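According to this note's numbering, the sequence shown is numbered sequentially starting from 5.
All residues carry an ideal CB built from backbone N, CA and C; glycine is no exception.
Note that this is a predicted model, so its numbers are computed, not measured.
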Amino acid sequence: MGPPIMGRYLARRLLQMIPTVLGVLLITFLLFNVVGGSPASMVLGEHISPLALEDFDEQRGFNKPLILGRWAATRAWADAAPEPRRWNPGEHSLPLKFALRPQTKYRLILEARAVSGPGFPNIGKTTLRFFQTLEKIRPNFPMIGKNQAEFSNDWKIIALDFQTLEKSAANDLCLAVEGGPLEVRSIQLRRRMDSVLDTQFFFFLRQVARLDFGTSS
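Structure below.
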């Protein structure tokens with residue numbers, strides 16, 4: 005077998021290995037990231053602080069979207085309310101587990117509805133807004149009650165994007181309800197990533213390319 009034939013044979017064998025290597029990488033990613041999820045609680049213990057869990061996920065890429073995406077969950081907020089909460093007009097505070105990152109974009113997502121009933125004549129003008137100073141926020145949530153003649157108390161998904169200031173934000177988010185009471189069924193807080201490729205999958209691929217498999221504990 006001459007050198008040209010041997011070269012073609014080796015090139016063909018290398019090309020045949022590419023699907024196998026990619027398959028092994030994909031299965032490894034699925035086993036460790038999709039099926040297993042973040043092992044932070046198992047490694048550090050159940051009684052460790054949420055900030056320590058967040059730091060653990062940050063070092064290992066678990067606090068990012070899975071494949072592609074702009075928004076990722078943060079351990080700064082955990083909605084543990086067993087049933088919908090009633091917010092009357094006035095100020096309401098969402099206590100965070102730790103301060104938000106400075107100069108970072110976040111999205112607060114609420115599933116809420118306006119509440120009708122005797123004694124609530126202004127329910128159709130119910131709005132929700134931040135009342136502490138944050139950069140680049142929309143001034144108000146969309147109107148939650150009626151927008152025409154008919155009143156609507158359907159559940160609505162309400163999202164508000166904001167960016168924290170240069171210094172670390174306070175340990176709570178402060179909201180103001182105006183016009184009438186709200187019933188809030190769920191609250192989520194998401195952190196915006198710098199790129200749609202800033203995800204667990206591409207973090208994993210960069211680790212493999214550097215032969216960097218992280219720390220074991």
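Assuming residue i is part of the beta strand (DSSP E), what are its boundary residues?
i	result
GLU115	109-118
PHE166	160-167
VAL38	Neither: VAL38 is in no beta strand (DSSP E) and is coded neither H nor E.
PRO99	94-99
VAL188	186-196
ASP176	176-182
ALA76	75-77
For residue i and residue j, what's the separation of their Cα atoms in angstroms?
i	j	result
ARG12	ASP165	56 Å
VAL119	LEU98	20 Å
LEU26	ARG79	32 Å
ILE162	ASP216	41 Å
PRO8	ALA15	11 Å
PHE102	PHE206	27 Å
ASN42	MET10	Checking the sequence, you will find Ser at residue 42 rather than Asn. Cα to Cα, SER42 sits roughly 46 Å from MET10.
ILE31	ASN37	10 Å
TRP159	LEU177	22 Å
ASP198	THR24	32 Å
LEU35	GLN211	16 Å
PRO185	LEU100	23 Å
GLY94	ARG214	53 Å
ALA84	ILE113	15 Å
PHE33	HIS96	41 Å
ASP61	GLU50	15 Å
Output needed for residue i: all residues of its chain with C-beta closer than 7 Å, excluding positions within five of it in sequence on either side, in chain order.
i	result
THR203	LYS68, PRO69, LEU70, ILE71, LEU72, GLY73
LYS109	ASP165, GLN167, ARG196
VAL200	LEU72, GLY73, ARG74
ALA76	ASN67, LYS68, PRO69, ARG194, ARG195, MET197
ALA1	The structure shown does not extend to residue 1, since the chain spans only 5 to 221, so no value can be given for it.
Considering residue i, what are the terminal residues of the alpha helix (DSSP H) in which it resides?
i	result
LEU209	204-213
GLU87	Premise fails: GLU87 is in no alpha helix (DSSP H) and is neither H nor E.
ALA56	54-64
Counting only the same chain and skipping the five closest in sequence on each side, list residues whose C-beta sits under 8 Å from that of residue i.
i	result
LEU209	LEU29
GLU58	ASN67, THR78, ARG79, ALA80, PHE102
Within this structure, are the beta carbons of residue i and residue j separated by less than 7 Å?
i	j	result
TRP81	LEU193	yes
ARG189	GLU115	yes
GLU187	PRO88	yes
PRO86	GLU170	no
ARG111	ASN157	no
For residue i, collect the residues of the same chain with a Cβ closer than 6 Å to its Cβ; drop the 5 residues on either side in sequence, then sort them by chain order.
i	result
GLY65	GLN204, PHE207
Quick test of the definition: if touching needs 3 or more C-beta pairs under 8 Å, does the stretch 42-49 touch the stretch 178-191? Contact between the stretch 42-49 and the stretch 178-191 is not established, with fewer than three Cβ pairs separated by less than 8 Å.
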